[in-house]
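Enquirer: Residue numbers (my numbering), protein chains in the order written: chain A, 90 to 263; chain B, 6 to 166. Think of the CB as a built atom: it goes at the ideal place given N, C-alpha and C, for glycine as much as any other residue. Quick caveat: nothing in here was measured; it's all calculated off a predicted structure.
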Amino acid sequence: MKKQLAVGSALAVIALVIYIMAKGFGNDPHAVPFLLSGKPAPNFTIKRLDNDATVSLADFKGKPIVINFWATWCGPCQTEHPVLDWAAKKYANQAVFLGIVFEDNEQNTKRFLQQNGWSFVQLFDPKSTVAVDYGVSGVPETYFIDRNGIINHKVAAPFVDPREFVAHMQTILQ
Amino acid sequence: MLLALSLVASLALGQEGYTPQRPVADPLDAAREARVQALGKQLRCAVCQGVSIADSPASMARAQLDKVRELVAEGKSDQEIFDYFVERYGEWALMEPKKSGVTLGLWLFPVLLLAVGLWVIWNQSKKAPPAAAPAATPGPAASDAPPADDYLAKVRADLEK
Chain A
90 MKKQLAVGSA LAVIALVIYI MAKGFGNDPH AVPFLLSGKP APNFTIKRLD
140 NDATVSLADF KGKPIVINFW ATWCGPCQTE HPVLDWAAKK YANQAVFLGI
190 VFEDNEQNTK RFLQQNGWSF VQLFDPKSTV AVDYGVSGVP ETYFIDRNGI
240 INHKVAAPFV DPREFVAHMQ TILQ
Chain B
6 MLLALSLVAS LALGQEGYTP QRPVADPLDA AREARVQALG KQLRCAVCQG
56 VSIADSPASM ARAQLDKVRE LVAEGKSDQE IFDYFVERYG EWALMEPKKS
106 GVTLGLWLFP VLLLAVGLWV IWNQSKKAPP AAAPAATPGP AASDAPPADD
156 YLAKVRADLE K
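(1) Any C-beta of chain A sitting closer than 9 Å to the C-beta of TRP97(B)?
(2) Is it buried or exposed for ASP139(A), if we count other Cβ within 10 angstroms and need 16 for buried?
(3) Can you give the beta carbon distance from LYS46(B) to SER61(B), rounded, assuming they're within the 8 Å contact cut?
(4) Around the C-beta of GLU192(A), are 16 or more other C-beta atoms found within 10 angstroms, so that it is buried, or is it exposed?
(5) Please classify LEU164(B) as buried or exposed, where buried requires at least 16 other C-beta atoms within 10 Å of its C-beta.
(6) Do the stretch 147–166 of chain A and the stretch 212–232 of chain A make contact, defined as three or more Cβ pairs closer than 8 Å?
(7) Closer than 9 Å by beta-carbon distance: list the chain A residues that pair up with ASP88(B), in chain order.
(8) With contact counted as at least three CB pairs below 8 Å, one residue from each stretch, are the stretch 169–179 of chain A and the stretch 119–138 of chain A in contact?
(9) Counting C-beta neighbours from all protein chains within 10 Å, is the total for ILE135(A) 16 or more, i.e. buried, or is it exposed?
(10) Roughly how many whole angstroms lie between the Cα atoms of ALA245(A) and PHE186(A)?
(11) Nearest CA to the CA of TYR89(B): which residue from GLN69(B), ALA30(B), PHE114(B), ALA39(B)?
(12) Verify the CB distance criterion: does ARG161(B) have a CB-CB separation below 9 Å to chain A?
(13) Please report the residue range of the alpha helix (DSSP H) in which TYR89(B) lies.
(14) Kindly list the residues whose CB is nearer than 7 Å to the CB of ILE107(A), restricted to its own chain and excluding five residues on each side of it in sequence; keep chain order.
(15) If we cut at 9 Å on Cβ distances, does GLY350(A) have a partner in chain B?
(16) Compute the distance between the beta-carbons of ARG93(B) and TYR223(A), then report whether it is under 9 Å.
(17) Alpha carbon to alpha carbon, how far is LEU76(B) from ILE86(B)?
(18) Let me know the secondary structure DSSP gives LEU99(B) once reduced to three states.
(19) Decide if LEU16(B) is buried, meaning its Cβ has at least 16 other Cβ atoms within 10 Å, or exposed.
(20) Measuring alpha carbon to alpha carbon, tell me which residue in ASN116(A), ALA95(A), LYS128(A) is nearest LYS243(A).
(21) What residue range does the beta strand (DSSP E) around GLU230(A) cover?
(22) Does GLY22(B) get closer than 9 Å to chain A when you measure Cβ to Cβ?
(23) Measuring straight from C-alpha to C-alpha, what distance separates TRP97(B) and LYS132(B)?
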């Protein structure tokens with residue numbers, strides 16, 4: 090009886106270790122969790138880059154919103170530039186697109202925008218306070234917010250394929 | 006991962022024309038600033054992962070520390086400040102997992118393992134064979150007594166012949 094108990098206990102410990110290891114190996118150890126999905130998007134009021142006017146998230150109440158966090162020094166941000174530009178034009182009548190530049194400076198950003206052009210409003214987050222509020226953990230990151238102001242999800246990778254972007258848009262246009 | 010690394014690398018290099026190193030927000034008074042630093046030691050940097058926001062040189066970590074400073078200035082409790090980061094990143098944001106819920110197992114597992122080890126040692130020590138008794142030296146009375154073993158009796162009889 091005692092022997093059975095000892096063997097049973099040993100097997101239970103081994104099974105627990107295997108379970109923990111399998112769970113650990115199944116996840117990307119460098120992926121940063123994101124728990125704001127399904128929660129209200131934090132409001133903010135920050136300055137536009139093209140003039141001194143400020144913009145608040147609350148200004149767009151009732152509309153689906155796409156927020157793209159980026160920086161001029163970020164290569165993948167430049168890669169996804171044409172996709173976002175295309176999407177902002179395609180969905181101009183259905184959703185609001187906002188770019189938020191953080192961990193950068195105004196001169197760099199203005200120069201970049203003059204050279205490349207952007208088809209949607211660009212805002213400047215000088216102290217990265219909005220980025221921290223949104224749980225940003227890298228660049229670029231794109232947030233999809235539904236018309237009720239709830240964060241549906243975020244994509245922490247650059248968009249390369251427009252079809253992929255369309256699929257994400259469907260989640261907030263419904 | 007690559008993106009986070011590129012962010013850290015760029016922030017650390019501070020190359021001209023790239024991301025600037027932001028000045029840190031003004032510190033609070035000594036007591037509250039000490040609390041900010043203590044809290045910062047317990048919160049994980051979102052872009053450098055293995056380092057706390059108090060120890061990381063990354064600009065984004067300093068932005069997170071500024072947030073802690075802002076919350077302390079607003080009079081938030083330690084728990085409310087931890088909750089702010091946990092709400093965004095989950096318990097991953099904490100350098101030490103909480104001692105409750107599922108993570109309680111992480112804290113209890115080593116203790117449990119030690120207890121099992123002690124039990125095994127105790128159990129084995131109970132089964133250890135008793136120390137061997139010193140060999141009895143047959144005395145003269147013993148040699149005179151008739152042996153109980155037939156074979157021994159026969160050997161003795163042969164010797165006496």
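Expert: Reading from the atomic positions:
(1) Yes, its Cβ sits closer than 9 Å to a Cβ of chain A.
(2) Answer is exposed; the Cβ neighbour count stays below 16.
(3) The C-beta distance from LYS46(B) to SER61(B) rounds to 11 Å, too long to fall under 8 Å, and the pair is not in contact.
(4) Counting every other CB atom within 10 Å of its CB across the protein chains shown gives GLU192(A) a total of 16 or more, marking it as buried.
(5) Here LEU164(B) is exposed. Its C-beta has fewer than 16 other C-beta atoms within 10 Å.
(6) Note that the stretch 147–166 of chain A touches the stretch 212–232 of chain A; at least 3 beta-carbon pairs, one per stretch, sit closer than 8 Å.
(7) Simply none; closest approach about 11 Å.
(8) The way I'd put it, the stretch 169–179 of chain A doesn't touch the stretch 119–138 of chain A; fewer than three beta-carbon pairs between them come closer than 8 Å.
(9) Its Cβ being crowded by 16 or more others within 10 Å, ILE135(A) is buried.
(10) Looking at the two C-alpha atoms, the distance is approximately 17 Å.
(11) Between TYR89(B) and the set GLN69(B), ALA30(B), PHE114(B), ALA39(B), the nearest pair of CA atoms involves GLN69(B).
(12) It does not: the Cβ of ARG161(B) has no partner Cβ on chain A nearer than 9 Å.
(13) From DSSP, the alpha helix (DSSP H) with TYR89(B) extends over 83–94.
(14) Take ILE107(A), set aside five residues on each side of it, and no residue of its chain has a beta-carbon closer than 7 Å to its own.
(15) Lying outside 90 to 263, the shown extent of chain A, residue 350(A) is not represented and no answer is given.
(16) The answer is yes: Cβ separation under 9 Å.
(17) Straight-line spacing of the CA atoms in LEU76(B) and ILE86(B) works out to 7 Å.
(18) Here LEU99(B) sits in strand by DSSP.
(19) Per-residue confidence for LEU16(B) stands at a pLDDT of 44, beneath the threshold of 50, marking its modelled position as unreliable; no derived number is given.
(20) Of the listed residues, the one whose Cα sits closest to LYS243(A) is LYS128(A).
(21) Taken as a continuous stretch (DSSP letters only), the beta strand (DSSP E) holding GLU230(A) covers 230–234.
(22) Confidence in GLY22(B) is poor, its pLDDT being 48 and thus under 50, which makes the residue's placement too unreliable to answer from.
(23) Roughly 46 Å separates the two Cα atoms.
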